[in-house]
Structure formats: structure tokens, C-alpha cells
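*Asks:* Structure provided below as C-alpha cells; questions to follow.
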Amino acid sequence: MAVPVPGGRATWGSKLGFILAAAGSAIGLGNIWRFPYVTYENGGGVFVLLYLIAIVCLGLPVMLAELTIGRHTARNPVGAFRMIAPNWRFVGYLGVLTGVAILSYYGVVAGWTIGYVVKSAAGSLDPDDFGTFIADPALQVGYLLAFLTATVVVVAFGVKNGIERMAQILMPLLLLLMLGLVIRGLTLPTAAEGLRFYLYPDFGAVTVKTVIFAVGQAFFSLSLGMGAMITYGSYINKKDNLATSALAVVSFDTCIALLAGFLIFPVIGASITKGGPTLVFVTMIEQFNLMAGGRWVALLFFVLLAIAALTSTVSLLEVATSYMVDELGMKRLKAVLSVGAVTILLGIPSALSLGAADGLTDLANGKGFLNIMDFLFGNVSLAFGALLTCIFLVYRWGISNAAAEVQSAYPGFARFVPLWRILLGVIAPAAIAAMLVYIIATGEGLG
Ligand code: PHE
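The working numbering applies: residue -14 is where the sequence shown begins, and numbers increase by one.
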């Protein structure tokens, strides 16, 4: 039985507070670490174009769908689906599970950012270090633990005093760092070469894979498909305009991803032949080491990554926390500590899977535990969740009921409802289903 949600459920202090927190969830390693290297591997400018199309046609409508479900029900994902259609609560459970699973390995990569902040501060940045660093069991588990502890502390303070306050401080800082670093990058001699690759669309590079990866990147980057935006939406004030909130979050996230390209590509312009997941931790460092004052530029860069990661891990933890608080009637502190403990245990195999423990490094087709987790949860499960959310909203809850929730504060939304219905009911499910078939058939995730 669902425990009734007490009347005093938390809400965001302001609309801007919500936008910063939700943009904080969306803006993460996905924007600054993954977007540039996936762009790099998938044809540069043409990938950027496909990504933008996916954001507008799929990301924006699904973002609005999740926020609407959350605000309407004022519950965590399990409670939200249960309240509208009890049989659909499994989508909520899938989201809670996916959040914990993603957090467990995302925390490992997030931990690297602290590791590299430390290395930059100590002046010991060495591009050849990366392999030994990720294979060091004590460092990997230690940084994971440190990062998840910081996440637990923020979430323990609650929605307004923890998540929102952190976002109000860190998001402006993130923007400032980003702009400063972009300017530094654009003034490098390597800038033109890098930008040409980033922005020039090579239409010959378009394949099924490029399109699928653009769609997958759009969902991951916007934190969709696992109830994070349902949960954040559940704290939105009834009088706020959901459509403009969704638009603001999506635009903010997209701008930061594009800016990350303007930061990374000018810097790596000269060594454009090297890409992949090591782009940020190896190629960037080679370049930082060539720059005057590069060590301090590197420090700011890794602080930027750490901030982006923290505002995302917080949202991953909040999903399961809100479930335990709402549905199981747990105190927030107890809920946060229990989910945090489970996440750390689940994260250890990922932390050890990059060379520290032989048995975890190569489990299937050369993929280790972390990569498999990313494939299952960061790709397959998010896609399933997003697909089910679209179908649920249009064919179970009903577009007019959902639209009524948006229109309560924004009557003018009526004219967008037919478009929203087509995008959510036809276009997005078709694109996501195609993506699911592709990633399951080929076993290719973004990771
Ligand atoms: N959107 C985050 C990023 O780009 C990752 C994330 C996915 C966060 C799903 C929450 C939920 O890094």
C-alpha cells in the first residue's frame, strides 16, 4: 500500500531553482565527456546536426512528459505511475533500479574527475598515467567512495536545502568556467583545425549507427527514461508553466553540450586522430601540458567536470531516495544512507573492472563490468523507460489529461497538443524502438 504523501511535501523554492537543479541533472559527464567523443567518432558536424534534431523532436516532448507526470502526481516514479494506473507501476520500479545502477558506475567516472583535480593541483599530470590510474584498486574505490559520499551529503539535506541550494551555487560557476575555458581554447593555434572537424557536416558519414547514437545521446544527456525528471517534476509548484520549464532545461543542456565541443575540439585540434573515452583524460592532458599555464587550465577543466558530475549524481540518488521516503515511509536520512550503501557496493565491481581485477575486465567481447552496466542501464534500460513513458502518457493516461496539467498554468499550450501527441505517440516510440532493436542486436552501446 502506498503511504499517503503528507501535505507538506517539499517543493522547489522557485522556478529558477528548479531549472538550475534539473539542468544540473541533465548537464553532466554526458555533455562534457561523452558528447565530444561520440561526436568525434561519428562524423563530427553531421552528428551534431542529428543530435539537435533528436533533442527537439524527441528530447523536448519526452522531457515535458516526465515533468507533467511528476507534477500531476507529486510522487516518486513508482507512486506516480501507481496513482494514474496501478498496473504501470513497474515502469517506476524500473526507473528506481536504473537510477541506482547508473549511479554505481557513473560514480566511478565521476571519481576520476576528483582524481584529476588532485593531479592538476599537484602538477603531476601525465597523459600516460591514465592506464595505471584506472587499474589502481585503492584509488578507484577510494574516489568512488569520495564522490558518492559527497552525493549522499547533498541529497541528505533535502530538495530545497540540499539539491536546489547546491545547484544555485554550482550551476553559475559551471557556466562561468565553461565560458572561460572556451575562450582559452578558441585562442589556441589549434582552434581552427578542431572547429572545422566539429562543425563541418560530412553527410557521407551518416549511417544507421550515427542516427541511433544521436538519439541515445539525446536521452542520456537529458536524464530521460528513468524517472529523474518525474521526480524533479514532482517538486514543481502547481502555478509554474511546465512547457517553458521543459524548454529552459532542454536548451540549457544543449547549449552546454555544444559549448563542450567548442571547448574540446579547439584544444585537441592538432591530435584529432585520437578519440574515444580517453579523449578527456589523455588527449586533453597532452594538450594542456603543451600550453603555458596549462596545469591551471587543467585544474579548472577538471573542477568543471566534477561539478557537472555532482549535480547529475545527486539526481540519480534522489530517485530511489524519494521512492523510499514516499512509498516506504522512511526518513530521508535513513533512505539516503541505505541507497548510498547499496550503490557503493554495486559500484565496486565497476571500479575494479578497468584493469584492477582480472575477472571483471573482460566479461563479454572485451567489455568489462562497467561497460556492461552502461550498456544495460545507460542504454537499454533508459530506452525502455522512455518508450514506456511515451506509450503510457498517450495510450493509458491520455493526452488530454496530461495536457490539462500543462494547461492549468499555461492555457496557450492547447495549440501544441496535437503536435505533442504525434511526437509522443508515434515519432518517439518509433525512434526509440528502432534504437532498442539496434543496440540489442549489435550489442553496441555508446560507452
Ligand atoms: N544526464 C546526465 C549526463 O549527461 C546523466 C544522467 C542520466 C543523469 C540519467 C541522470 C539520469 O551526464
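Glycine included, every Cβ here is placed at the ideal spot set by N, Cα and C. Every value quoted in this text rests on a predicted model; they were computed, and no experiment measured them.
(1) Classify F354 as buried or exposed, calling it buried when 16 or more other Cβ atoms lie within 10 Å of its own Cβ.
(2) CB of L264 to nearest heavy atom of the ligand PHE: below 7 angstroms?
(3) Got a sec: does the ligand PHE put a non-hydrogen atom nearer than 7 angstroms to the Cβ of G15?
(4) Are F273 and G279 close, meaning C-beta to C-beta below 8 angstroms?
(5) Just the C-alpha distance for L52 and G397, rounded to the nearest angstrom, thanks.
(6) Taking DSSP's pairing of strands, which residues face K352 in a bridge?
(7) With distances taken Cα to Cα, identify the nearest neighbour of G261 among A245, R381, P21, A293.
(8) How is G432 classed by DSSP in three states: helix, strand or coil?
(9) At a cut-off of 7 angstroms, is S206 close to the ligand PHE when judged by its beta-carbon and the heavy atoms of the ligand?
(10) Which residue spans inside the stretch 307 to 385 form an unbroken alpha helix (DSSP H) run of at least 4?
(11) Under three-state DSSP, which class holds G29?
(12) Mapping the DSSP letters down to three states, classify V(-12) as helix, strand or coil.
(13) Quick check on the burial criterion: 16 or more other C-beta atoms within 10 angstroms. Buried or exposed for V193?
(14) Should L158 go down as buried or exposed, given a rule of 16 or more other Cβ atoms within 10 Å for buried?
(15) Apart from the five residues just before and just after G30, which ones in its own chain have a Cβ nearer than 6 angstroms to its Cβ?
(16) Give me the residue from V422, T98, G127, V81 with the minimum Cα distance to G332.
(17) With 16 as the cutoff for other CB atoms within 10 Å, does N222 come out buried or exposed?
(18) Does the distance from the C-beta atom of S236 to that of N16 stay below 8 angstroms?
(19) W73 and V265 - do their beta-carbons sit closer together than 8 angstroms?
(20) What does the Cβ neighbour count give for V422, buried or exposed, with the cut at 16 atoms within 10 Å?
(21) Pull up the distance between the alpha-carbon of M68 and that of T58, whole angstroms please.
(22) Closer than 8 angstroms by C-beta to T(-4): which residues in its own chain qualify, once you throw out the five before and the five after it? Chain order, please.
(23) Going by the DSSP bridge assignment, what does P186 pair with across the sheet?
(24) Whole-angstrom Cβ separation of L437 and V94, contact assumed at under 8 angstroms?
(25) Roughly how many whole angstroms lie between the Cα atoms of W382 and L409?
(26) Cα-Cα, which of G77, V191, L227 is closest to A388?
(27) Nearest to T346 by alpha carbon, out of F188, T136, A120?
(28) What three-state label does DSSP hand L155 in the structure shown?
(29) Looking at A231: is its Cβ nearer than 8 angstroms to the Cβ of L49?
(30) Residues in its own chain within less than 8 angstroms of Y395 by CB, not counting five upstream and five downstream?
*Replies:* On the basis of the supplied data:
(1) Taking the sequence shown and counting its residues from 1, one reaches residue 354 at position 369. That one is buried.
(2) Here residue 264 refers to the residue found at position 279 when the sequence shown is read from its first residue. L264 Cβ: outside cutoff for every heavy atom of the ligand PHE.
(3) In the sequence shown, the residue the question calls residue 15 occupies position 30. Flag set: Cβ of G15 near the ligand PHE.
(4) Counting from 1 along the sequence shown, the entry for residue 273 is found at position 288. Counting from 1 along the sequence shown, the entry for residue 279 is found at position 294. F273 is a Cβ neighbour of G279, given a cutoff of 8 angstroms.
(5) Here residue 52 corresponds to residue number 67 of the sequence shown, with the count starting at 1. Here residue 397 corresponds to residue number 412 of the sequence shown, with the count starting at 1. Roughly 18 angstroms between the two C-alpha positions.
(6) Residue 352 sits at position 367 when you count from the first residue of the sequence shown. K352 is bridged to A349.
(7) For this step, residue 261 is matched to residue 276 along the sequence shown. Of A245, R381, P21, A293, the residue nearest in Cα terms is P21.
(8) What you label residue 432 is simply residue 447 of the sequence shown in a count that begins at 1. For G432, the predicted model reports a pLDDT of 49, less than 50, meaning its position is unreliable and no value from the coordinates is stated.
(9) The residue you call residue 206 lines up with position 221 of the sequence shown. Yes.
(10) 317 to 336, 343 to 346, 354 to 358, 367 to 376
(11) Taking the sequence shown and counting its residues from 1, one reaches residue 29 at position 44. Of the three classes helix, strand and coil, the one that applies to G29 here is strand, per DSSP.
(12) In the sequence shown, counting from the first residue as 1, residue -12 sits at position 3. With a pLDDT of 45 at V(-12), under the threshold of 50, the modelled position of that residue is not reliable, and no figure is offered here.
(13) Here residue 193 is taken as the residue at index 208 of the sequence shown, counted from 1. Classification for V193: exposed.
(14) Sequence index remark: in the sequence shown, residue 158 carries index 173 (1-based). L158 sits exposed, since fewer than 16 C-beta atoms from the chains shown fall within 10 Å of its C-beta.
(15) Within the sequence shown, the letter at position 45 stands for residue 30. Around G30: L184, Y185, P186.
(16) Here residue 332 refers to the residue found at position 347 of the sequence shown. The candidate whose alpha carbon is nearest that of G332 is G127.
(17) Taking the sequence shown and counting its residues from 1, one reaches residue 222 at position 237. Exposed: under 16 other Cβ atoms inside 10 Å.
(18) Taking the first residue of the sequence shown as position 1, residue 236 is located at position 251. Taking the first residue of the sequence shown as position 1, residue 16 is located at position 31. Not closer than 8 angstroms, so no.
(19) For the purposes of this step, residue 265 is identified with residue 280 of the sequence shown, where counting begins at 1. For the purposes of this step, residue 73 is identified with residue 88 of the sequence shown, where counting begins at 1. The answer is no: Cβ separation not under 8 angstroms.
(20) Taking the first residue of the sequence shown as position 1, residue 422 is located at position 437. Exposed, because fewer than 16 other Cβ atoms sit within 10 Å of the Cβ of V422.
(21) Translated into the one-based positions of the sequence shown, residue 68 becomes position 83. Translated into the one-based positions of the sequence shown, residue 58 becomes position 73. About 7 angstroms.
(22) Reading the sequence shown from its first residue, position 11 is the one you call residue -4. If we look at T(-4) and ignore the five residues flanking it on each side, its Cβ neighbours are V144, K145, Y220, I221, N222.
(23) On the sequence shown, position 201 is the one that residue 186 refers to. In DSSP, P186 forms a bridge with G29.
(24) The structure shown does not extend to residue 437, since the chain is modelled only from -14 through 432, so no value can be given for it.
(25) Within the sequence shown, the letter at position 397 stands for residue 382. Within the sequence shown, the letter at position 424 stands for residue 409. Their Cα atoms are separated by approximately 12 angstroms.
(26) Counting from 1 along the sequence shown, the entry for residue 388 is found at position 403. Looking at G77, V191, L227, the one whose alpha-carbon comes closest to that of A388 is L227.
(27) In the sequence shown, residue 346 corresponds to position 361, counting from 1. Measuring C-alpha to C-alpha distances from T346 to each of F188, T136, A120 identifies A120 as the nearest.
(28) For the purposes of this step, residue 155 is taken as the residue at position 170 of the sequence shown. Three-state result, L155: helix.
(29) Start at 1 with the first residue of the sequence shown, and residue 231 comes out as number 246. Start at 1 with the first residue of the sequence shown, and residue 49 comes out as number 64. In this structure, L49 lies closer than 8 angstroms to A231 by Cβ.
(30) Residue 395 sits at position 410 when you count from the first residue of the sequence shown. Cβ contact annotation for Y395 (same chain, cutoff 8 angstroms, sequence separation greater than five): N226, L227, A228, T229, in chain order.
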